[in-house]
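Contents: one structure, followed by commentary.
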Amino acid sequence: MKELIPDIYKRLHAAFGPQHWWPGDGPFEVMVGAILTQNTNWGNVEKAINNLKASGVLDPLSIYKMDNSTLSGLIRPAGYYNIKSERLKAFVGYFTKGYSGQVGKMKKRKTEVLRKELLDIKGIGPETADSILLYALKRPVFVIDAYTKRVLSRHGIIGGQAGYNEFQELFHLVLPEDVVLFNEYHALFVRLGKEFCRPKPRCDGCPLYPLLP
DNA sequence: GACCAGGCACATC
DNA sequence: GATGTGCATGGT
93 MKELIPDIYK
103 RLHAAFGPQH
113 WWPGDGPFEV
123 MVGAILTQNT
133 NWGNVEKAIN
143 NLKASGVLDP
153 LSIYKMDNST
163 LSGLIRPAGY
173 YNIKSERLKA
183 FVGYFTKGYS
193 GQVGKMKKRK
203 TEVLRKELLD
213 IKGIGPETAD
223 SILLYALKRP
233 VFVIDAYTKR
243 VLSRHGIIGG
253 QAGYNEFQEL
263 FHLVLPEDVV
273 LFNEYHALFV
283 RLGKEFCRPK
293 PRCDGCPLYP
303 LLP
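With this note's numbering as the guide, the letters of the first sequence map in order to residues 93 to 305.
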């Protein structure tokens, strides 16, 4: 079944076109967005990021020095603001202490090392870590999210009980290591999921029907 | 009002 | 190791 994965990409790309996803105003903003968007609509995240920008604090040092209540007030629209302010501070702590808040220094390290470091930060799990690696640091790591799991399991390509790593291995196995491809493919899953693959299926017009043999 | 959103940590069995 | 729960705003 996993042989279908490249064909699914072709279909989604044909149906939706390139997504130009997660542009962000530089890698640090992408990293912040990756944390803020946990289980949250992106529109709400944009409001939170705009608050940070408007206050002139969308940089590692400002967030690092800011007290928790001020930060949570600014990111309030993104939801879970108390938890996310702690998670943001945990991340910028790592980023400022470990890399002086410089993406260039981070980029000198190997992907596997960075992934392990990110996963050690409280509040950063596999999806957030991989989103940072792919979208901010341009590493060829396939991001698995709720939509990806739902689409694949609904089409019987992999069991829904499979874990994050099992899903990820599928993509790494059958696709070339290509940052642009991984970026677009994940974005296409989100697009498909929003329009046709909600928890309650509304599959009319879904470009994956009928699925290839 | 119900449903949903680009998760994660933690408790419990 | 699997399963359940808290966290919270805002759009449809």
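Even glycine gets a Cβ: it sits at the ideal position worked out from N, Cα and C.
Just so it is clear, the structure is predicted and the values come from calculations on it, not from any experiment.
query: Stretch-stretch touch, CB-based, cutoff 8 Å, three pairs: the segment 230–244 with the segment 274–285; result: yes
query: Contact belief for L166 with A126 at Cβ below 8 Å, rounded distance in angstroms; result: Between A126 and L166 the Cβ distance is about 17 Å, and since that is not below 8 Å, they are no contact.
query: Selected residue, minimal CA-CA separation from R290, among Y156, N275, R246; result: R246
query: Element boundaries [alpha helix (DSSP H), containing I216]; result: Taken as a continuous stretch (DSSP letters only), I216 belongs to no alpha helix (DSSP H), as it is neither H nor E.
query: Assigned exposure category for N275 - 16 Cβ within 10 Å defines buried; result: buried
query: Reference N174, options L180, G217, S164, closest by Cα; result: S164
query: Bounding residues of the alpha helix (DSSP H) (the contiguous stretch that carries M198); result: 195–198
query: Three-pair Cβ contact test at 8 Å for the segment 224–236 versus the segment 104–124; result: yes
query: Reference Y101; option with closest CA among L267, L180, R201, V271; result: L267
query: Terminal residues of the alpha helix (DSSP H) in which K139 lies; result: 134–146
query: Spatial distance of I97 from L262 (CA atoms); result: 8 Å
query: C-beta contact flag for P152 and G193 at 8 Å; result: yes
query: Inter-residue CB distance, G248 and M123 (contact presumed, cutoff 8 Å); result: G248 to M123, Cβ: 35 Å. No contact.
query: Three-way DSSP call (helix, strand, coil) for T203 in this model; result: helix
query: K181 CB to nearest heavy atom of the ligand MN below 7 Å; result: Within the structure as shown, the ligand MN is missing, as the structure has no ligands at all.
query: Simplified DSSP state of K286, which is helix, strand or coil; result: helix
query: Burial state of T162 (16 or more Cβ within 10 Å); result: exposed
query: Where K176 falls, given that 16 or more other Cβ within 10 Å makes a residue buried; result: buried
query: C-alpha distance - G287 paired with L210, whole-angstrom precision; result: Looking at the sequence itself, residue 287 is Glu, so the reference to Gly does not match. So the two alpha carbons sit approximately 31 Å from each other.
query: Backbone CA spacing between G252 and L244 [nearest angstrom]; result: 8 Å
query: R294 (DSSP reduced to helix, strand or coil); result: coil
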